[in-house]
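Just so we're aligned: the sequence shown equals residues 1 to 926 in full-length UniProt numbering.
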Amino acid sequence: MLKFIRSHFHHPEKGSGNELLDYVNFEKTTQHGFPNKTTAFAYDPILGLLAVGTENGEISLFGADHFIWTNTLDSHHRIAHLYFAEGTGVLIALTHDLGFHKFSISGRSLNALSIDPDPRLKKITSCAMFANSSREKFSLLIGATTGMIYSLDVDEMTIAEFLPFNEELESRITLVNETQSVNAIDICRSDPNRLLLLYDQSVAVYDVSVREVLSTWNLDTPPMDARWSLDGKTVIISSSDGSFTLYKQNGEIQESPGIVFGPFPCTPVQKALIANTDHGQIHAFSGGMPRASYGDRYTVTTMRAGRTACWDFASPVLDFCFASSSKDLNDNAHWRATLLLVLTEEELVVISVGDKEWKSLSLRCLHPLHSSPITNMIHVSNVESNVWSKLLKFSTSQSSHSNWPLTYSPEIEGQRKVGNEKQLLLTGHANGNVKVWSAGEPSMQLLCTIETSREVAGCSEEASSFIKNSTESDSEESDCQVSDEWPPFKKVGDYDPCSDDLRLAVQRIAFDPKSGTLAVGCRGGHALVYQLADTPQTCDPPSILDCNLVKDQSSSISPTIKAMKGVDPRDKALNYPTGYQPRPISSSSSSLIVQLSPCVPVTSIAVIDQRSMIAVGTEFGFALVDYAKTKIEFHISLLDQHDLADAGALDESLSRFKSMKKSIRQSFRRKKKTTNEAQNEHHDDEICRPVERRIEPRGTPQQGLILEPSKGLVRLLKFLPNPLSLSSNPGHSLWIGTNGGRLYAYSIQETGEICKLEREIRLQHAAPIVSVEVVHETIKSISISRLLLVTEEQIRGYTLPLLRPTKYKLKLTANEGFRVRKGNLVNLHHIKGENSTEPFLSLLTNIGEVMVYSIHNHRKRVKHSVMKSTDIAGISSCVSSSDGELFWLRPGGSQLQRGSLCAPQPPPPIPPTSPQKPTLTNGITA
1 MLKFIRSHFH
11 HPEKGSGNEL
21 LDYVNFEKTT
31 QHGFPNKTTA
41 FAYDPILGLL
51 AVGTENGEIS
61 LFGADHFIWT
71 NTLDSHHRIA
81 HLYFAEGTGV
91 LIALTHDLGF
101 HKFSISGRSL
111 NALSIDPDPR
121 LKKITSCAMF
131 ANSSREKFSL
141 LIGATTGMIY
151 SLDVDEMTIA
161 EFLPFNEELE
171 SRITLVNETQ
181 SVNAIDICRS
191 DPNRLLLLYD
201 QSVAVYDVSV
211 REVLSTWNLD
221 TPPMDARWSL
231 DGKTVIISSS
241 DGSFTLYKQN
251 GEIQESPGIV
261 FGPFPCTPVQ
271 KALIANTDHG
281 QIHAFSGGMP
291 RASYGDRYTV
301 TTMRAGRTAC
311 WDFASPVLDF
321 CFASSSKDLN
331 DNAHWRATLL
341 LVLTEEELVV
351 ISVGDKEWKS
361 LSLRCLHPLH
371 SSPITNMIHV
381 SNVESNVWSK
391 LLKFSTSQSS
401 HSNWPLTYSP
411 EIEGQRKVGN
421 EKQLLLTGHA
431 NGNVKVWSAG
441 EPSMQLLCTI
451 ETSREVAGCS
461 EEASSFIKNS
471 TESDSEESDC
481 QVSDEWPPFK
491 KVGDYDPCSD
501 DLRLAVQRIA
511 FDPKSGTLAV
521 GCRGGHALVY
531 QLADTPQTCD
541 PPSILDCNLV
551 KDQSSSISPT
561 IKAMKGVDPR
571 DKALNYPTGY
581 QPRPISSSSS
591 SLIVQLSPCV
601 PVTSIAVIDQ
611 RSMIAVGTEF
621 GFALVDYAKT
631 KIEFHISLLD
641 QHDLADAGAL
651 DESLSRFKSM
661 KKSIRQSFRR
671 KKKTTNEAQN
681 EHHDDEICRP
691 VERRIEPRGT
701 PQQGLILEPS
711 KGLVRLLKFL
721 PNPLSLSSNP
731 GHSLWIGTNG
741 GRLYAYSIQE
751 TGEICKLERE
761 IRLQHAAPIV
771 SVEVVHETIK
781 SISISRLLLV
791 TEEQIRGYTL
801 PLLRPTKYKL
811 KLTANEGFRV
821 RKGNLVNLHH
831 IKGENSTEPF
841 LSLLTNIGEV
851 MVYSIHNHRK
861 RVKHSVMKST
871 DIAGISSCVS
881 SSDGELFWLR
891 PGGSQLQRGS
901 LCAPQPPPPI
911 PPTSPQKPTL
921 TNGITA
């Protein structure tokens with residue numbers, strides 16, 4: 001108790017964190033990925049700006065690669081619709097509570113203004129942005145159930161009557177359902193004075209300049225939507241029976257394709273658009289699928305000159321629009337569509353409709369990180385120049401030359417720098433994919449995607465491309481092909497959360513920054529090695545290298561673990577393009593798959609390409625493999641006879657502490673007790689907070705109660721230059737940290753005994769080892785090396801090469817109450833811009849805090865709260881770079897939040913500002 005009290009009273013003379021404040025200043029910077037629970041979007045074709053709204057009241061604006069702006073309403077109301085005042089940088093958001101919010105962007109300033117719901121607007125049925133002929137004044141037209149149309153002045157944010165439902169309108173339209181609500185409003189872009197109004201089953205064209213109705217006509221089938229064509233010469237009406245019809249302005253039918261996918265009943269066409277392209281007129285509509293056969297498909301269909309394609313998405317379609325290559329209204333190219341932007345609930349898809357191939361473009365922002373759930377993530381700093389140049393070369397070798405529609409970028413005085421530019425972020429996914437991202441700039445770009453599932457039997461080459469380049473999702477030949485069935489479906493988009501085989505999930509990733517070699521460990525207990533290749537290659541079926549970690553103790557393993565099977569290699573050769581390819585075995589075109597037995601998930605992996613070796617660890621032990629010689633150099637089980645029986649049982653249990661049957665039984669017993677019995681009952685367990693875990697001795701688990709994974713589970717594998725040797729040619733060493741607080745140091749020899757145990761440390765508190773770092777210091781012209789050992793509960797320091805304990809020791813869990821989840825060394829720059837860096841030890845705790853410690857005096861520290869203690873996914877996914885950049889998943893798993901332990905220089909180009917009523921939280925980065 002005295003230690004706990006003393007730990008909360010730090011005396012300045014004994015070492016405070018004031019010196020660290022000159023280096024540590026945590027700040028959230030930017031976000032990457034696709035917003036979670038998207039509900040609406042808007043596109044400004046003049047500025048090239050895209051806005052996306054979400055379920056929890058968050059608005060994100062995307063422009064050029066270096067421009068991302070996010071805003072969250074305090075009310076957290078659902079964003080229902082978004083409308084741009086084109087060319088002005090003004091956005092109007094309509095929320096679910098019928099409130100309007102205005103956001104205006106001008107250079108480096110950001111202004112926000114909100115108004116309360118108007119009592120006259122009991123229910124809003126439609127909206128459209130109206131501009132005068134000179135496009136200097138904008139108003140948002142609001143249709144109501146009473147037939148009235150109101151206008152919201154964008155400049156003043158005031159609401160007034162615009163067009164009443166008068167006798168002239170009532171006499172010229174037919175109200176079949178006796179409802180006079182304005183179901184749709186659309187404004188002609190080529191002539192803003194012409195309004196297209198949809199009342200029940202009647203259509204009216206209204207001229208604002210002369211204040212009269214130009215034409216009206218009635219419809220035979222209930223309509224769903226009404227739109228002008230891009231050039232303003234045609235009106236397209238979508239119907240509830242799965243058809244759409246083209247009309248002239250006077251109401252004459254210009255073209256009636258009817259029910260495209262009939263004659264059987266079809267789903268309603270929710271929205272239809274028409275535009276001209278360089279290759280003829282194109283129609284696009286959502287829905288209209290045969291109800292019985294394909295009513296559950298999420299599609300947008302495009303039709304042009306007898307050619308039809310049904311773009312099949314994996315999530316519901318929210319909205320879509322056309323985009324052109326020119327931003328100038330006086331340019332004829334501005335009125336010809338070149339791209340189709342489709343927003344679904346889980347991703348944005350851009351299709352090039354201006355060419356003959358109808359290719360889907362790769363994204364420069366709004367990447368669906370959750371296309372398959374992220375299972376592992378690592379950050380790589382200081383990538384070698386030759387590796388970096390190869391990655392950039394391979395990522396741009398097949399780049400699309402189509403114009404990206406998002407081009408808006410405000411005028412800024414300086415570009416923002418984020419650490420070292422040669423940084424990579426690698427994400428492993430549940431479907432076996434590994435994605436390589438450039439993480440050294442504010443805009444995180446996808447460089448390449450590696451599909452490890454291609455090496456496993458059951459995945460054919462025809463199903464999908466085995467490696468996709470980030471700059472083009474498909475080749476021209478595959479993009480222009482559609483299925484021979486009718487409707488002609490074409491699968492598009494990256495979002496596909498389903499996985500056919502759980503064994504393919506990527507558990508651990510290791511990357512060699514000097515050579516670019518990549519090692520991947522999967523859930524099926526197998527590991528693969530990839531390398532960068534300058535030429536295409538035909539790879540023969542891979543060979544399986546089996547390694548049984550418990551061969552002599554197999555009788556002690558549970559039957560469930562024995563029944564687990566490894567993966568089978570493919571039996572066909574595959575052609576790999578330039579880029580990442582499976583590393584071939586010496587003098588062979590066949591690659592290697594290392595399969596560990598028992599086939600439990602890989603818990604750690606390391607690679608050193610200089611020695612052509614990988615180390616793979618599981619719950620049962622680890623193996624050291626020479627993938628060039630196809631030889632297992634060393635393997636060992638770190639479990640004793642008692643632990644073998646319980647190994648793997650953690651995955652079988654339903655709960656961490658007790659079974660479901662026992663939980664239900666205890667719940668009923670609790671309810672049967674009287675109040676006095678409950679009060680007099682003696683409880684041995686102390687009360688804990690929901691997010692905390694009671695500190696308890698790590699004794700032998702009770703019968704039927706598995707408290708922790710096995711002690712021999714390998715938590716850490718790391719190759720280091722051998723600090724245990726005093727010779728001039730120290731070689732390399734392999735460090736192994738276990739879940740039971742044991743650290744093993746093996747030296748890697750050239751000849752003889754390849755892997756030799758040099759040192760072993762058994763920590764008394766037996767906490768899982770999180771990180772091992774080597775610190776090099778120069779004291780009085782003498783170079784000294786120290787080892788920093790980080791466990792979940794303590795920090796220990798040891799001398800090298802003798803591994804003797806030092807005074808650098810800190811008990812974290814006993815004194816502070818938290819546990820360490822991640823730890824690494826970071827080099828932080830001085831926040832005042834001075835050209836000085838200092839190394840620090842950065843720790844991430846289980847309550848979402850980052851602790852930065854001085855490597856010289858552990859009493860000097862700085863603490864920052866980074867994420868909520870209940871954000872389990874964010875804490876478990878957080879990774880840190882060598883210069884203090886943090887990356888972690890936001891709730892929903894579709895976005896990455898980025899932060900910096902030291903303030904970036906210069907500051908963000910567009911600073912956050914305080915909006916007017918109501919209070920909003922603004923943040924903008926570039």
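Just so it is clear, CB atoms sit at the ideal spot from N, CA and C, and this is done for glycine as well.
Inter-residue distance for Phe394 and Asn824 is about 31 Å (C-alpha atoms, whole angstroms). Residue burial annotation: His76 is exposed, with fewer than 16 other C-beta atoms found within 10 angstroms of its C-beta. Under DSSP, His66 takes part in no beta bridge, so it has no partner. Residue pairing of Lys102 in beta bridges, as defined by DSSP: Ile92, Leu113. Remark: fewer than three beta-carbon pairs, one from each stretch, lie closer than 8 Å, so the stretch 210-222 and the stretch 141-156 are not flagged as touching.
In the DSSP assignment, Asn25 is bridged to no other residue. For Leu545 and Thr870, the gap between their C-alpha atoms comes out near 42 Å. Secondary structure at Tyr199: strand, using DSSP grouped into helix, strand and coil. Only buried fits Lys490, as 16 or more other CB atoms lie within 10 angstroms of its CB.
Residue state for His635 is assigned as strand, using DSSP reduced to three classes. The way I'd put it, the stretch 237-244 does touch the stretch 263-281; three or more beta-carbon pairs between them come closer than 8 Å. Ile124 has its alpha-carbon roughly 10 Å from the corresponding atom of Leu94.
For the pair Leu901 and Ser836, the CB atoms are not nearer than the 8 Å cut-off. Here Pro541 is not near Tyr294, since their CB atoms are 8 Å or more apart.
Secondary structure at Ser324: coil, using DSSP grouped into helix, strand and coil. Per DSSP, Pro290 lies in no alpha helix (DSSP H) and is assigned neither H nor E.
Residue pairing by DSSP places Val550 in no beta bridge whatsoever.
Residue range 872-877 is occupied by the alpha helix (DSSP H) that includes Ala873. Between Gly48 and Leu406, the gap from beta carbon to beta carbon is short of 8 Å.
Here DSSP, grouped into helix, strand and coil, assigns Phe165 to coil.
Annotated as proximal: Gly99 and Pro117, with beta-carbon spacing under 8 Å.
Around the C-beta of Asn250, fewer than 16 other C-beta atoms lie within 10 Å, and the residue is accordingly described as exposed. Burial check for Cys498: the Cβ neighbour count within 10 Å stays below 16, so the residue is exposed. Of the other Cβ atoms in all chains shown, fewer than 16 fall within 10 Å of the Cβ of Gly752; this residue is therefore exposed.
Ranked by Cα distance from Leu639, the first of Ala314, Phe818, Val607, Leu549 is Leu549. Secondary structure in the stretch 826-891: the alpha helix (DSSP H) runs of 4 residues or longer, each lying completely within the stretch, are 872-877 in chain order. Nearest to Ala323 by alpha-carbon distance, out of Leu348, Ser352, Asp296, is Ser352.
DSSP lists Cys310 as the beta-bridge partner residues of Phe489.
Here Asp22 has His830, Ile831, Lys832 as same chain residues with Cβ atoms under 8 Å from its own Cβ, once five neighbours each way along the sequence are excluded.
Per DSSP, the unbroken beta strand (DSSP E) holding Lys811 starts and ends at 805-811. Listed in chain order, the non-local C-beta contacts of Ser881 below 7 Å within the same chain comprise His379, Ser381, Gly419, Gln423, local neighbours out to five positions each way being set aside. When secondary structure is reduced to three states using DSSP, Phe394 falls in the helix class. Note: Val775 is bridge-paired with Arg786 in the DSSP secondary-structure output. For Ile561, the enclosing alpha helix (DSSP H) covers residues 559-562.
Partner residues in the beta bridge of Asp153, as assigned by DSSP, are Ser139. Taking the Cα positions, Gly147 is about 9 Å away from Asn166.
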